[in-house]
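Mapping to the numbering used here: the sequence shown position 6 is 305, numbers consecutive. Ideal Cβ placement from N, Cα and C applies to all residues, glycine included. Notes for the one structure printed next.
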Amino acid sequence: MTYQLSFFCRSGEVTGHAALERLLDELLSTGGPLLGEWLGPFDREVAAYELATKADSRQEVPGWLNLEIHVGVAFIAESVFQADPDGEHGIWGCDLLATITLSGGDPDWVLVRRIWAALAKLWSAVAWDGMSGFAIAEEA
300 MTYQLSFFCR
310 SGEVTGHAAL
320 ERLLDELLST
330 GGPLLGEWLG
340 PFDREVAAYE
350 LATKADSRQE
360 VPGWLNLEIH
370 VGVAFIAESV
380 FQADPDGEHG
390 IWGCDLLATI
400 TLSGGDPDWV
410 LVRRIWAALA
420 KLWSAVAWDG
430 MSGFAIAEEA
């Protein structure tokens with residue numbers, strides 16, 4: 300089973316790679332170590348990383364997740380319109396879309412919450428998923 304959680308942001312970042320580096324720096328400054336693998340190369344607008352919380356040698360590493368960053372108002376416009384066709388949630392004009400993809404039986408929910416907090420701190424992220432829509436923030 301695969302689950303995706305998206306975050307609409309206003310960042311001012313020029314490239315996906317620069318945005319992802321800034322986000323990773325924030326994650327590393329606010330929590331424990333991570334394991335990661337760069338996925339790509341992609342377009343200038345897209346960057347992706349596979350991440351997991353680094354466990355000590357006696358623990359298993361929880362499930363890995365994929366983190367994708369897309370930048371540019373025009374580049375993410377279709378995603379913005381699909382999530383908020385009436386413009387009721389204030390995401391029109393967003394220039395960054397971050398998507399976390401979880402799969403497998405042991406998702407790293409602690410890391411998801413860390414990423415969510417970092418996105419909110421850096422770029423006032425608005426969360427959305429395909430099942431709950433914007434209500435996901437209230438449910439979390």
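Exercise for the section: Identify the continuous beta strand (DSSP E) that holds V370 and give its terminal residues. Expected result: 364-370
Practice task
Could you pull out every residue in the same chain whose Cβ sits closer than 7 Å to the Cβ of H316, ignoring the five residues on either side in sequence?
Solution key: A346
Exercise for the section: Kindly identify the DSSP beta-bridge partner or partners of S305. Expected result: T398, W427
Problem - Unbroken alpha helix (DSSP H) run spanning G335, endpoints - result: Looking at the DSSP string, G335 is not in any alpha helix (DSSP H); the run it does join, the beta strand (DSSP E), is 333-338.
Handout entry: Contact set for W337: own chain, Cβ-Cβ below 7 Å, skip 5 residues either direction
Key = Y348
Handout entry: Pair within 9 Å by beta-carbon distance, S305 and A426
Key = yes
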